[in-house]
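Protein chains: 4
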Amino acid sequence: MPAEPSAPRPRTGVWLVGARGSVATTVIVGCAAVAAGLHPATGMVTETAPFADCGLPPLASLVLGGHDTVDCPLPKRAEALVAGGVLPHGLPSAVHGEVAAADREIRTGGPLPGDTRSDEELIESFAADIRDFVRRGGLARAVVVNVASTEPVAMASVATGSVATGSGSGLPASSLYAAAALRAGCPYVNFTPSTGLHHPLLRAAASASGLPYAGRDGKTGQTLLRSVLGPMFAQRALAVRAWSGTNLLGGGDGAALADPGAAAAKNAGKERVLTDTLGSAPEGEVHIDDVPALGDWKTAWDHIAFDGFLGSRMVLQTIWQGCDSALAAPLVLDLARLTARAHEAGLSGPLPELGFYFKDPDPGSPSALAEQYAALVGFAGRLRTAAR
Amino acid sequence: MPAEPSAPRPRTGVWLVGARGSVATTVIVGCAAVAAGLHPATGMVTETAPFADCGLPPLASLVLGGHDTVDCPLPKRAEALVAGGVLPHGLPSAVHGEVAAADREIRTGGPLPGDTRSDEELIESFAADIRDFVRRGGLARAVVVNVASTEPVAMASVATGSVATGSGSGLPASSLYAAAALRAGCPYVNFTPSTGLHHPLLRAAASASGLPYAGRDGKTGQTLLRSVLGPMFAQRALAVRAWSGTNLLGGGDGAALADPGAAAAKNAGKERVLTDTLGSAPEGEVHIDDVPALGDWKTAWDHIAFDGFLGSRMVLQTIWQGCDSALAAPLVLDLARLTARAHEAGLSGPLPELGFYFKDPDPGSPSALAEQYAALVGFAGRLRTAAR
Amino acid sequence: MPAEPSAPRPRTGVWLVGARGSVATTVIVGCAAVAAGLHPATGMVTETAPFADCGLPPLASLVLGGHDTVDCPLPKRAEALVAGGVLPHGLPSAVHGEVAAADREIRTGGPLPGDTRSDEELIESFAADIRDFVRRGGLARAVVVNVASTEPVAMASVATGSVATGSGSGLPASSLYAAAALRAGCPYVNFTPSTGLHHPLLRAAASASGLPYAGRDGKTGQTLLRSVLGPMFAQRALAVRAWSGTNLLGGGDGAALADPGAAAAKNAGKERVLTDTLGSAPEGEVHIDDVPALGDWKTAWDHIAFDGFLGSRMVLQTIWQGCDSALAAPLVLDLARLTARAHEAGLSGPLPELGFYFKDPDPGSPSALAEQYAALVGFAGRLRTAAR
Amino acid sequence: MPAEPSAPRPRTGVWLVGARGSVATTVIVGCAAVAAGLHPATGMVTETAPFADCGLPPLASLVLGGHDTVDCPLPKRAEALVAGGVLPHGLPSAVHGEVAAADREIRTGGPLPGDTRSDEELIESFAADIRDFVRRGGLARAVVVNVASTEPVAMASVATGSVATGSGSGLPASSLYAAAALRAGCPYVNFTPSTGLHHPLLRAAASASGLPYAGRDGKTGQTLLRSVLGPMFAQRALAVRAWSGTNLLGGGDGAALADPGAAAAKNAGKERVLTDTLGSAPEGEVHIDDVPALGDWKTAWDHIAFDGFLGSRMVLQTIWQGCDSALAAPLVLDLARLTARAHEAGLSGPLPELGFYFKDPDPGSPSALAEQYAALVGFAGRLRTAAR
C-alpha cells in the first residue's frame with residue numbers, strides 16, 4: 001500500500017522593506033545558500049541546539065520579497081556585493097534561481113519624489129502588495145521586516161492627523177510600511193533605528209491588531225560589545241568614567257548616518273545600553289563617519305576609561321572590524337523565523353524576549369546580553385510547546 | 001538603666017602568603033583606606049547591593065598578616081607602590097597605623113635557600129605561625145590567601161611521598177602553605193596559578209578537613225574579558241577561528257612569568273575559558289612578556305579572528321591597560337570575606353560559586369562571567385540565611 | 001694673580017601668554033627642574049648633540065613670566081598638575097623658589113569681560129608689561145610665546161580697522177598679544193592654532209618689525225605621527241584612501257576644543273599635513289572630544305585605510321596616549337631658546353626652519369618630519385656660526 | 001622613405017628562488033597586470049616620478065622564471081591566492097598567457113630530501129638552469145631574487161669547507177642559490193632573512209664577481225613602521241623604554257617562522273632598526289605566531305612605552321593589517337629593475353642605496369626610512385646618467 005502523500009509543507013513569507021539593499025540582498029542570497037547546504041549557518045542563532053524542535057519555519061520554506069524604491073535588479077546587486085567582498089565569489093550564480101525568484105517578488109515602495117498619494121493611499125497600496133504576495137505564494141503567513149536605510153529622526157516629529165482617517169499626517173515612510181504590515185495582518189520587525197511602529201499614531205492600531213512585533217535597531221557590532229562589556233564593569237564594581245566611540249563605515253549606511261539626524265537615532269540606542277547596564281551615563285561621545293572607501297565594512301573603536309581600586313586609572317579599548325551586511329543578515333533570518341512562529345503560536349504585542357537582537361529592545365527586555373540570551377532561550381522553550 | 005555593653009565585634013584574620021608583595025601591600029593599604037572612608041570601595045563586589053546583609057565580616061574587622069620570604073618593611077613597600085603609581089600619594093601615611101600593625105603580623109616563610117627542614121617541619125612551622133596569629137588577635141577565624149609570585153609548573157611534578165607521613169616529598173612551596181592552612185584549621189584561597197591545594201598529596205587532607213576552600217588564579221584582565229567575549233561569540237553563533245594574545249607586564253609578576261614554566265601555568269587558565277565557552281579551542285597563542293619599564297601596569301592585547309555569515313572574515317581586537325595590584329586587591333578582600341563567612345556558615349569543600357573570581361575555578365563552576373555572577377549572587381543569598 | 005671676574009651671564013626672558021595654564025606651569029617647573037639637574041632633558045631637542053655650541057641661552061639663564069586672565073597662584077596650579085599625574089610628586093616644592101619667582105612675574109591679561117579698553121589700549125598695556133619685565137630683570141631680550149587656550153576660528157573674522165590707528169577693530173586676544181610683542185620689540189612664537197600674528201592687520205607691522213617669529217600650533221601627538229606616516233605611505237607608493245581620527249582629551253584644552261570653531265582651527269592643521277605629504281586629501285574626518293575624566297591625558301586614534309598592490313585593502317591604526325602638557329613643554333622651551341638666539345643673531349621674519357615643531361608651519365617649511373628635522377639641524381648650524 | 005625598424009627592445013630576466021610561492025606568484029601575476037594596464041602600479045616605488053628616465057627595464061620587458069622544490073602549477077597557485085583574497089578575482093585568467101609562460105620557466109630546485117648531490121653539483125646545476133633561461137630568452141641579463149621561505153638560522157652555522165673547492169661544506173640552500181647566481185654571472189637580491197650571499201664561504205666569490213647584489217630581508221610591515229617611528233622618537237628626544245611586538249600570520253611564512261630558528265633570523269632585523277635609530281636597544285620582545293586562519297594576511301601589533309618630559313609615561317601602539325604578498329611583490333619588482341639597471345651601468349658589490357627596501361641592509365645604508373629614501377632617490381639620479 002502506497003504511503004499517503006505528506007501534507008505540502010506550509011511556506012512562510014519574509015517581506016523585506018528595502019529589499020534591494022545590501023542587508024536584504026545578503027539575506028536573500030544567504031538564505032538560499034544555507035538552505036542548499038553551500039555554507040554553514042554561521043551567525044544564525046536559530047540554527048543552534050537550543051532552538052531545535054521549536055517549530056521554526058525551515059530556511060527552505062521561506063519565500064522572500066519586499067518593497068524598494070530603487071530598481072537595480074537583485075542579481076546585479078548581488079554581484080556588487082561580491083566585488084565588495086561581502087559575498088563569496090560564485091555564490092550569486094550558484095543560487096541564481098532563488099535570487100531571480102525574489103527579484104520578481106519585489107514591488108515599488110514609496111513615497112517617491114513627487115508622489116502625491118496620501119498616507120492612507122500609500123498604506124493601502126503597500127498592504128495590497130503584501131496581501132498579493134501572500135496569496136500568490138499560498139503562504140501560511142508573511143513577516144514584514146524593515147531593513148531600509150535609517151531615516152532622520154526629524155521625520156518622526158509632529159504628527160497630528162490620524163492614520164485611521166487618512167488625513168495626510170506626514171508619517172515617516174518606515175511608519176507607512178509598518179501600518180501596511182498591520183493592515184495586511186502581518187507580524188512586523190524593525191531592524192533599523194527608524195520610527196516604524198514606534199509612532200504615536202500607530203499605537204492603537206498595533207495594540208488592536210493581535211499581531212506580534214519586535215524592534216528596534218539590530219545590534220550587530222559596537223552595541224553588541226557594549227552589551228557584554230557594560231555588565232562586566234558593573235558586576236566587577238569598576239567605575240566607568242568615560243566611554244567614547246567612533247564608527248567608520250561606507251556603504252549606504254555610512255552615507256545615511258552622515259546625516260546628523262539619522263546618527264542621533266542610532267546613537268541613542270548605543271548610549272541606552274550603557275546607561276542601563278552601568279546604572280548611569282558615563283562621559284563620552286559616539287561618532288559615525290561616512291568613509292566610502294570602506295564599502296560595506298565597518299570599524300568601531302571604543303575607548304573606555306574606568307577607575308579601579310583606590311582610584312587607579314585604567315583603560316579598555318576595543319576595535320571591531322566587520323562586514324555590516326554579513327552581521328545583520330543572519331539576525332534578520334532569525335527574527336523572521338521567530339516572529340513567524342510567534343504568530344503561528346498565537347502570540348501578540350511586543351516581543352521583549354527578542355531584545356537579544358536589538359539596540360533598543362521592547363520594554364521588559366533586560367539590557368545585558370547574557371540575560372537577553374537567557375530570555376531568548378526561554379522564549380524558544382515556550383515556542384517548543386506552543387500550538388502549531 | 002544603662003544599656004548593656006554590646007558584645008565585642010568578632011574579628012577575622014586574613015593571612016596573606018606573599019604578604020610583602022604588591023598585591024598584598026595593596027590589600028593591606030586599601031582595606032584600611034576603604035574602612036576609614038578615605039576611598040570608595042571601587043572594585044569590591046562584596047560592597048555592592050546584592051551582598052548586603054549576608055553577614056560578611058566588615059572591612060574594619062579584618063586583621064591582616066602573613067608569610068613572606070623577603071623582609072622589606074611594608075611601609076617601604078607601600079611607598080614604592082606610590083612611586084609606581086599604584087597607590088595614591090599620601091595614602092600609606094594616612095593609614096600608617098594599620099600598615100605597621102600588619103607588618104608586625106608578618107612571619108618569615110620558606111623554604112629559603114639552604115633550608116634543610118623537611119616538608120613536614122615547614123608545614124608545622126607555617127601552621128604554628130597561623131595559629132599564633134589567630135590566638136594573638138583573638139580572631140574568630142583566619143582565611144589563608146595565596147598571593148605570592150607564580151611558581152613554575154615543573155615544581156608541582158612527580159611527588160610520591162605522603163604529607164601525612166612527612167616523608168619529604170618535595171611539595172611546592174604553595175602546597176606547603178596550603179597544607180599549613182588545613183592544619184591550622186583555616187579556609188584557603190589560591191589567588192595564583194600555583195599548585196596550592198591542587199596537589200594529589202593534599203587531596204585527602206583537604207576532603208577530611210571540613211574546611212571551605214576556593215581557587216585558583218584570580219581573573220583580573222585578559223581572562224576576565226575572555227569570559228564575557230567568548231560567550232558573546234558562542235551565543236551569536238559566530239565561528240571564532242583564532243584567538244591570539246600578548247601580555248606585557250613588569251613588576252614581580254612579569255619576571256616570574258618570564259619563566260616558561262610559570263607562564264604555562266597561567267596560560268592554561270586563559271585558554272581553558274575559551275575552550276569552555278566556545279566549545280572548542282581556537283588557533284592562537286598567548287605570550288607573557290616581562291617588560292620591567294611597565295612596572296605594575298600591564299597591557300593585554302587580544303586579536304580574535306572570526307567568521308560571520310557566508311564565511312566573511314571579521315576581527316575583534318581588545319587592549320586592556322590596567323594596574324595588576326589594583327585589579328587583584330579588591331578581589332582578594334572579596335574572597336577573604338566570602339570564604340570566612342562560608343566557614344562561619346559551616347560550609348566545607350570547594351566553593352565553585354566563587355568561580356566568578358578565578359581563571360581556573362573549582363569544578364562545577366560555569367565558565368561564562370554572567371553565569372558565574374549569577375552563581376555568586378545565589379551564593380550570597382545562601383549566606384544571608386545561613387547560621388551566624 | 002686672581003682670575004678676572006667673568007662677565008655676568010646675560011639672561012633671557014620667556015613671556016608666556018597663558019602663564020597659569022597647564023603647559024606654562026609645566027614649562028616653568030620643568031625648566032627649573034632640568035636646570036637644577038633633577039630630571040634629564042627628555043623631550044628637549046635643543047639639549048641633544050646637534051644643538052651643542054649653537055649659542056642657545058642655557059636653561060639656567062631663562063627668566064619666566066607672562067600674562068594670564070586667571071589668578072590661581074602658580075604653586076597651586078603645580079600641585080593640581082601633580083594630582084593629575086602630569087608632574088612628579090615633590091617636584092613643585094623642590095623648585096618652589098623658581099615657581100614663586102615666575103608667579104611674581106605674571107601680569108593680568110585681557111580683555112576681561114566688561115573690559116572697555118580699545119585694542120590699542122590693550123596692546124599698549126600688554127607691551128608695557130613686557131617692557132617692564134625686560135627692564136626689571138635686566139634681560140638681554142624676551143621671547144613671547146602663546147600657550148593660551150585655543151580661540152574659536154570665528155574670532156579671527158572680518159576686521160576692518162587698523163592696529164596702527166587703534167580704531168577698535170576687534171582683534172582676537174591672541175593677536176592683541178602678538179601685536180604687543182612686536183611693539184615691545186620681542187620675538188614671537190605661537191604654539192597654539194589661534195590667530196596670533198596671522199592676522200591681516202598685523203602683517204605690515206610684523207614685516208616692519210625686524211623681529212623673528214614662528215608658528216603655529218605645536219605638533220605634539222596625532223599630527224606628529226601623521227608627519228612621519230604620511231611620507232612613509234607616499235615614499236612607498238601606497239594609496240591612502242581614508243585617514244580618520246578621534247582625539248579624546250580633558251583638561252582645559254578638551255573643553256576649549258569642544259567648541260566647533262576652535263576644533264576647526266586645530267583640525268585644519270591636522271589635515272594639512274596629510275594633503276601636503278600624500279599629495280591629495282584622503283577621505284576621513286577628525287574628531288576632538290572633551291572627556292574631562294582624562295584630565296591632561298589625551299588619546300588619539302587614527303585609522304588609515306590604504307590600497308596596496310593590485311588593489312589589496314590594508315589598514316594601519318595608531319593609538320597615541322600622552323600627556324599634553326608634558327609633550328608641549330619641552331618644545332616650548334626649545335622654541336624660546338631657538339627664537340631668542342635667532343634674535344641675537346639678527347634674524348628676522350618668519351622662521352620656516354622651525355616647522356619641525358608646528359602643525360601649520362611658516363611658508364617654506366617642508367611637511368615631512370624628517371625633512372623638517374634636517375632643516376632644523378641646518379638652522380642650528382647657521383646659529384653656530386652667527387654673531388653673538 | 002620608411003622609418004628604419006627600431007632595434008628590438010632588450011629583455012631582462014627575473015629569476016625567482018621560490019618561484020611557486022605566494023610572493024613569486026603575486027610578482028608574476030602583478031607584473032603582467034600592471035604592464036597590461038589592468039591595475040595601477042600601487043606600491044611600486046620605481047613607477048613614481050623620481051625614477052622616470054633612469055633607464056629601468058620596463059615591466060613589459062621582464063621575463064619571469066625561477067626555481068622551486070614544489071611542483072604545483074602557477075595558475076593553480078594563482079587561483080589559491082584569489083580564494084585567499086590576495087589577488088582580485090578574474091586577474092589570473094586575464095593574464096593567463098604570462099602566467100603559463102612563467103610556469104614553463106620554472107626548474108626544480110633543491111636539495112630535495114634524499115638528494116645526494118654535493119654542494120658543488122647543486123650550485124652547478126642551478127647555475128646551468130639560470131644560464132639556460134638567459135640563453136633561451138635571449139635576455140640581456142637576469143637578476144636572481146630569493147623569495148623562498150625563511151630558513152632556520154641554525155642552517156647557516158659552522159661551515160668549514162670551501163665553495164671554491166667544492167668540498168661539501170653543507171651550505172644552506174639559500175647560499176647554494178646565491179652561489180649559482182654568481183656563477184651564472186647574475187646580480188643577486190635576497191628578499192628574505194635567510195643567509196644567501198651572507199655566508200663566509202661566499203665572501204670572496206662575491207667580491208671577485210664584479211656583480212651588484214643587495215639584501216637582505218624585505219621590509220614590508222612592522223619594520224617599515226619602526227624605521228619611521230624610531231627616528232621620530234629620536235629626533236624628538238623622547239626616551240623609548242620598551243618596544244614590544246607581536247606578529248600574527250598564516251600562509252607559508254607563518255609556518256616557517258613558527259620555527260624558532262627562522263623567527264630568530266627575522267627578529268634580528270626587526271630589532272636592529274630600533275637599536276640603530278634609537279641609539280640603544282629598548283626592552284621588549286618580538287613574537288611571530290603562525291595563525292593559519294589568517295592565510296596570507298598578517299597583523300602586527302607594536303606597543304611602545306616611552307618617557308616624556310619630567311618622566312611622564314606615555315604609550316604609542318600601532319596595528320598593521322596587511323597582505324604579505326601584496327606588500328612584498330611590488331618591492332621585488334622594484335629591486336629586480338634597479339639591480340638589473342645597476343648591472344647594466346657597470347656597478348658591482350653591495351648596493352647600500354637599496355637599504356630602503358630591507359630590514360637588514362648592506363653596510364653603509366642609513367637606518368631611518370627618510371634617509372634611506374633620500375639615498376634611493378640619489379641612486380636613481382646616478383642611474384639616470386649612467387651608461388646604457
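Protein chains in written order, with full-length UniProt numbering: chain A, 1 to 388; chain B, 1 to 388; chain C, 1 to 388; chain D, 1 to 388. Think of the CB as a built atom: it goes at the ideal place given N, C-alpha and C, for glycine as much as any other residue.
In the three-state scheme derived from DSSP, where H, G and I count as helix and E and B as strand, E285/D is classed as coil. Excluding its 5 nearest sequence neighbours in each direction, R77/A has C-beta neighbours in its own chain below 7 angstroms: R20 and T25, listed in chain order. When only Cα atoms are considered, A148/C and G109/A end up about 56 angstroms apart.
Distance from the CA atom of K298/C to the CA atom of G284/A, rounded to whole angstroms, is 13 angstroms.
As DSSP reads the structure, M314/A sits in a beta bridge with F306/A. Going by C-alpha positions, S22/A is about 21 angstroms away from A142/A.
Cβ-Cβ separation between P92/D and V82/D: approximately 6 angstroms, consistent with a contact (criterion under 8 angstroms). At least 9 angstroms separates the beta-carbon of V240/B from that of C186/B.
S207/A and S367/A have their C-alpha atoms roughly 24 angstroms apart. Per DSSP, the continuous alpha helix (DSSP H) segment holding A180/D begins and ends at A173 to R183.
Looking only at S325/C, V332/C, V95/C and I304/C, the smallest Cα-Cα distance to I319/C is reached by I304/C. Nearest in C-alpha terms to W15/A, of all of A387/A, L383/A, A300/A and R131/A, is R131/A.
Around P363/C, the same chain offers P350 and P352 as residues with beta carbons nearer than 8 angstroms, after the five sequence neighbours per side are excluded.
By the CB criterion at 9 angstroms, L331/C and Y357/C fall inside the cutoff. Listed by position along chain B, the residues whose Cβ is nearer than 7 angstroms to that of P212/A form an empty set, because the closest Cβ is around 22 angstroms away. For A36/D, no beta strand (DSSP E) segment is defined, and its DSSP state is neither H nor E. When secondary structure is reduced to three states using DSSP, R9/B falls in the coil class, being assigned neither helix nor strand. Residues of the segment 277-309 of chain D with a C-beta atom less than 8 angstroms from some C-beta of chain C are D307, G308 and F309, listed in chain order. Neighbourhood of R241/A in chain C, by CB distance below 7 angstroms: A293, in chain order. Here D324/C carries a helix assignment [DSSP, helix/strand/coil]. By the Cβ-count criterion, S280/B is exposed, with fewer than 16 other Cβ atoms from all chains shown falling within 10 Å of its own Cβ. For Q222/A, the nearest beta carbon of chain C is not closer than 9 angstroms to its own beta carbon. Take P75/C, set aside five residues on each side of it, and the residues of its chain with a beta-carbon closer than 8 angstroms to its own are P92, H96, V99, A100 and D103, in chain order. Cβ contact annotation for H287/A (same chain, cutoff 6 angstroms, sequence separation greater than five): T246, in chain order.
Per DSSP, the unbroken alpha helix (DSSP H) holding R203/D starts and ends at R203 to S209. Every beta strand (DSSP E) stretch that sits fully inside the segment 128-153 of chain D and reaches 3 residues is listed by chain position as 139-146. Contact annotation: L257/D and D217/D have beta-carbon atoms that are not nearer than 9 angstroms. Using a CB distance cut-off of 9 angstroms, V315/A counts as an interface residue toward chain B. Proximity to I28/C across D71/C, E105/C, G85/C and A52/C peaks at E105/C, based on C-alpha coordinates. Cβ contact annotation for P57/D (same chain, cutoff 6 angstroms, sequence separation greater than five): T12, R337 and A340, in chain order. For the segment 227-251 of chain B, the residues whose beta carbon sits under 8 angstroms from a beta carbon of chain D are, in order, R241, A242, S244, T246 and L248.
The C-beta of G322/C comes no closer than 9 angstroms to any C-beta of chain B. Cβ contact annotation for S227/D (same chain, cutoff 8 angstroms, sequence separation greater than five): K219, V273, T277, S367, A368, L369 and Q372, in chain order.
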